[in-house]
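Peer 1: In the working numbering, the protein residues as written are -12 to 248.
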Ligand SMILES: CC(C)(COP(=O)(O)OP(=O)(O)OC[C@H]1O[C@@H](n2cnc3c(N)ncnc32)[C@H](O)[C@@H]1OP(=O)(O)O)[C@@H](O)C(=O)NCCC(=O)NCCS
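Quick look at the structure:
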């Protein structure tokens, strides 16, 4: 713990009342310090020049560190030698804007509209904070051989009480049909089952999105349900969703049957 951490610890030990920290979304180090010292995230304070995260600590709160639903990646990345996954950050704004302007990516997004430049900056800039908060892990898929950005894969921890999370992914056109999405889904699934308490990993695809369904089958997911009108479509329409699920046991069964990509 650095000097500001030591000072914060002293304040906690001597303080009688409520301690409050306002932390910028672009300050994951501050957020880590708050978590390490037992602060609880309360919400978001809207300010004229932007939003701040509100963290508080009361006397009697358990000493930190607060539990992490989504821990850091071991060594900062995941790789199988062909693709490498690393956390999305503010360096990825141009790539993210390019990927999310593609019509076939927009139509599979919720909502199905291209994000504004401001929204792109916000998503990239807040990715580290969301990961620390345990709500989502946004990852860039890199071509390991060149280090170039090929796509993204995101894990949304939507239902911690039932230990169910969802993944979604997209590739730039020049990197498709090379097994990258399948490999990325497998890497995220292995990490999720090994390093988090996630028990069910789900993913959805539009009925006509054969490519995405094939990715999920190759990655060991099983088709589970057909959800009618599940998602908002363009112009006020609704889109059906084919839902797939992967359990840790499915991966083990796949491994013991010798199936590999
Ligand atoms: C869907 C998508 C992610 C597939 O990524 P990818 O890296 O090309 O997928 P993979 O190379 O891992 O392909 C896995 C399998 O699916 C097949 N496949 C991939 N795209 C396909 C397509 N458009 N039509 C039919 N089969 C397809 C591959 O041939 C491969 O099959 P195989 O195992 O029998 O050889 C990519 O096309 C994409 O980004 N699409 C736009 C966004 C999107 O649909 N995202 C998913 C939202 S649910």
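No residue lacks a Cβ here, since even glycine has one placed at the ideal position from N, Cα and C.
Fair warning: this is a prediction, and the values are worked out from it, not measured in the lab.
#1: Tell me, which residues are paired with residue 123 by DSSP?
#2: Please determine, among 81, 240, 222 and 227, the residue with the shortest C-alpha to C-alpha distance to residue 209.
#3: Can you tell me the Cβ-Cβ gap for residue 190 and residue 231, rounded? I've got them flagged as a contact below 8 Å.
#4: Can you name the start and end residues of the alpha helix (DSSP H) that residue 150 belongs to?
#5: Just curious, the beta strand (DSSP E) that residue 210 is in, first and last residue?
#6: Residue 180: buried (16+ other C-beta within 10 angstroms of its C-beta) or exposed?
#7: When the Cα atoms are used, what is the spatial distance from residue 5 to residue 57?
#8: Determine the contact status of residue 55 and residue 25, defining contact as a CB-CB distance below 8 Å.
#9: Quick check: the segment 123 to 139 against the segment 154 to 164, are there 3 or more CB pairs under 8 Å?
#10: In whole angstroms, what separates the C-alpha of residue 126 from that of residue 28?
#11: Does the separation of the CB atoms of residue 20 and residue -8 fall below 8 Å?
#12: Going by beta carbon distance, what residues of the same chain come within less than 7 Å of residue 215, once the five residues before and after it are set aside?
#13: Candidates 81, 66 and 149: which alpha carbon is nearest residue 112's?
#14: How would you label residue 202, buried or exposed, when you count the other beta carbons within 10 angstroms and need 16 or more for buried?
#15: Measure the Cβ-Cβ separation of residue 74 and residue 42 and say whether it is below 8 Å.
#16: At what residues does the beta strand (DSSP E) containing residue 226 begin and finish?
#17: May I ask you to check if the CB of residue 158 is nearer than 7 Å to at least one heavy atom of ligand 1?
#18: Kindly list the residues whose CB is nearer than 8 Å to the CB of residue 11, restricted to its own chain and excluding five residues on each side of it in sequence; keep chain order.
#19: Looking only at C-alpha atoms, which of 129, 185, 212 and 169 sits nearest to residue 198?
#20: Would you check if the distance between the CB atom of residue 71 and the CB atom of residue 122 is smaller than 8 Å?
#21: Under the DSSP definition of a beta bridge, which residues are partnered with residue 40?
#22: Here's the rule: buried if 16 or more other CB atoms are within 10 angstroms of the residue's CB, otherwise exposed. What is residue 224?
#23: Buried or exposed for residue 167, please, with buried defined as at least 16 other CB atoms from any protein chain shown within 10 angstroms of its CB.
#24: Does DSSP put residue 248 in a helix, a strand or coil?
#25: Taking the alpha carbon of residue 292 as the reference point, which residue from 79, 109, 115 and 196 has its own alpha carbon closest?
Peer 2: Looking at the coordinates:
#1: Answer is 143.
#2: Its Cα nearest to that of residue 209, the residue 240 stands out among 81, 240, 222 and 227.
#3: Confirmed, about 5 Å.
#4: For residue 150, no alpha helix (DSSP H) encloses it, and the DSSP letter there is neither H nor E.
#5: Looking at the DSSP string, the run of the beta strand (DSSP E) that includes residue 210 is 209 to 219.
#6: Buried, by the Cβ-count rule.
#7: When rounded, the separation of the alpha-carbon atoms in residue 5 and residue 57 is 27 Å.
#8: Going by C-beta atoms, residue 55 is not nearer than 8 Å to residue 25.
#9: Three or more Cβ pairs drawn from the segment 123 to 139 and the segment 154 to 164 lie within less than 8 Å of each other, which places the two stretches in contact.
#10: When rounded, the distance between both Cα atoms is 23 Å.
#11: In this structure, the beta-carbon distance from residue 20 to residue -8 falls below 8 Å.
#12: Correct list, in chain order: 227.
#13: Measuring from the Cα of residue 112, the nearest candidate turns out to be 81.
#14: Classification for residue 202: buried.
#15: No, the pair does not count as a contact, with Cβ atoms beyond the cut-off.
#16: Unbroken beta strand (DSSP E) run through residue 226: 225 to 234.
#17: It does: the Cβ of residue 158 is within 7 Å (strictly closer) of some heavy atom of ligand 1.
#18: Same-chain partners within the cutoff: 17, 37, 39 and 40.
#19: The option with the nearest alpha carbon to residue 198 is 169.
#20: Judged by beta-carbon spacing, residue 122 lies beyond the 8 Å limit of residue 71, meaning their Cβ atoms are not closer than that value.
#21: The partner list for residue 40 (beta bridge, DSSP) reads 10 and 31.
#22: Looking at its Cβ environment, which holds fewer than 16 other Cβ atoms inside 10 Å, residue 224 is exposed.
#23: Under this definition residue 167 is a buried residue.
#24: Low per-residue confidence applies at residue 248: pLDDT is 49, beneath 50, and the placement is therefore not dependable enough to give any value.
#25: In this structure the chain extends from -12 to 248, so residue 292 is not present and cannot be described.
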